[in-house]
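Novice: First, the structure itself, so that you have it in front of you.
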Amino acid sequence: MLWIIEKLQEICHFLNNDVKICENLINLFPKIFSILKTNDDCFYDFISIMHNFLQKSFKKYYPPRLVKILILTVKSVARNNRNILRGENFPIAKFLTSSDFEIHLATIECLTALLDPTWIFGSQIPQDEDFLFFNLKLLSQKQNCYILKRSVLSVLWFFFDDFLNYGAEVLKDYLSQITRILISTAESVNESDLQEICLKLLKKLICENYELLGNSIGKIDSFPSTSNYKDLRDIHKKYQNLECSNGLRGDIENLLRDSKRGAEGLKVFKNNQKG
89 MLWIIEKLQE ICHFLNNDVK ICENLINLFP KIFSILKTND DCFYDFISIM
139 HNFLQKSFKK YYPPRLVKIL ILTVKSVARN NRNILRGENF PIAKFLTSSD
189 FEIHLATIEC LTALLDPTWI FGSQIPQDED FLFFNLKLLS QKQNCYILKR
239 SVLSVLWFFF DDFLNYGAEV LKDYLSQITR ILISTAESVN ESDLQEICLK
289 LLKKLICENY ELLGNSIGKI DSFPSTSNYK DLRDIHKKYQ NLECSNGLRG
339 DIENLLRDSK RGAEGLKVFK NNQKG
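Under the working numbering, think of the first position of the sequence shown as 89, with each following residue one higher.
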């Protein structure tokens, strides 16, 4: 294995502008990584080689199909070796600026699969809410496609409980913005599974933080009178007419649990993810 790494280093040094040779190498990267052990000295040499190719890729030396393979290889490496990405050597988020659709989606997949905020900000380790808002920003861009929105919503779904555990002092600065983005997305998407997951997130948000939201959820009253919005309007009405109590919280939790359409939407969403 050491011999292979040494040859790779030679090629990177002398021939890294030869697209055909580099294409053959990058296509081999997933296989090379699969047989490397993290405790081998050559593992970090391989990481260095991969970094070199990433730098070249960002300067558009290679065609998009190779950049996509490279980004997804970085994702595979990072799943079990996140520490190597905590410096500035792997600025994967830079590829979000790419105009190529496949590179853009590969980058989103790479970033969201790890649920790790250090991916986004390099050596600056931020608060988790920064990672949440990175995804919300992507979600709010109406031109983004179905696959991208589904990926972002899946991140929010699994990340949301942690965010809601921050407490009132942290949440109050963010709730209004989150609520507006989720409401806007629920209104703008045409796909039923995406709409349902937006509504589920809104329900969770409102049940836990109604007192902090204030006027941010007033728009819920104007939601269309269709069945998929019914539970959300019912929750809002209950909170308006009654004081929040443990008994009321139980009623609302039952309302969410018994939501047939909401459950069906979540099932569709999960099935789409598996596909």
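The beta-carbon is built from N, C-alpha and C at its ideal position, and this holds for glycine as well.
Determine the DSSP secondary structure at R187, reduced to helix, strand or coil.
Specialist: The displayed chain sequence assigns Ser, not Arg, to residue 187. It is coil, neither helix nor strand.
Novice: Could you give the DSSP three-state label for D106: helix, strand or coil?
Specialist: Correct three-state label for D106: coil.
Novice: With DSSP run on the structure shown, which of helix, strand or coil describes K144?
Specialist: Note: K144 maps to helix in three-state DSSP.
Novice: Taking the CB atoms as reference points, tell me whether L395 and I114 lie closer together than 8 Å.
Specialist: The chain is shown only over 89 to 363; residue 395 falls outside these bounds and no answer can be derived.
Novice: What is the C-beta distance between V162 and C198, in whole angstroms, given that I count them as a contact (C-beta under 8 Å)?
Specialist: Contact holds; Cβ gap of about 6 Å.
Novice: Helix, strand or coil for C100 per DSSP?
Specialist: DSSP places C100 in helix when its eight states are reduced to three.
Novice: Under a three-way DSSP split, which group does L290 fall into?
Specialist: Correct three-state label for L290: helix.
Novice: Within 10 Å of its beta-carbon, does D129 have 16 or more other beta-carbons around it, so buried, or fewer, so exposed?
Specialist: Burial call: exposed.
Novice: Roughly how many angstroms lie between the CA atoms of S187 and K144, to the nearest whole one?
Specialist: Distance between the alpha carbons of S187 and K144: 17 Å.
Novice: Considering only C-alpha positions, which residue in the set I191, T273 and D281 is nearest to P151?
Specialist: With distances taken between Cα atoms, P151 lies closest to I191.
Novice: Helix, strand or coil for K95? Go by DSSP, reduced to three states.
Specialist: K95 falls in the helix class under three-state DSSP.
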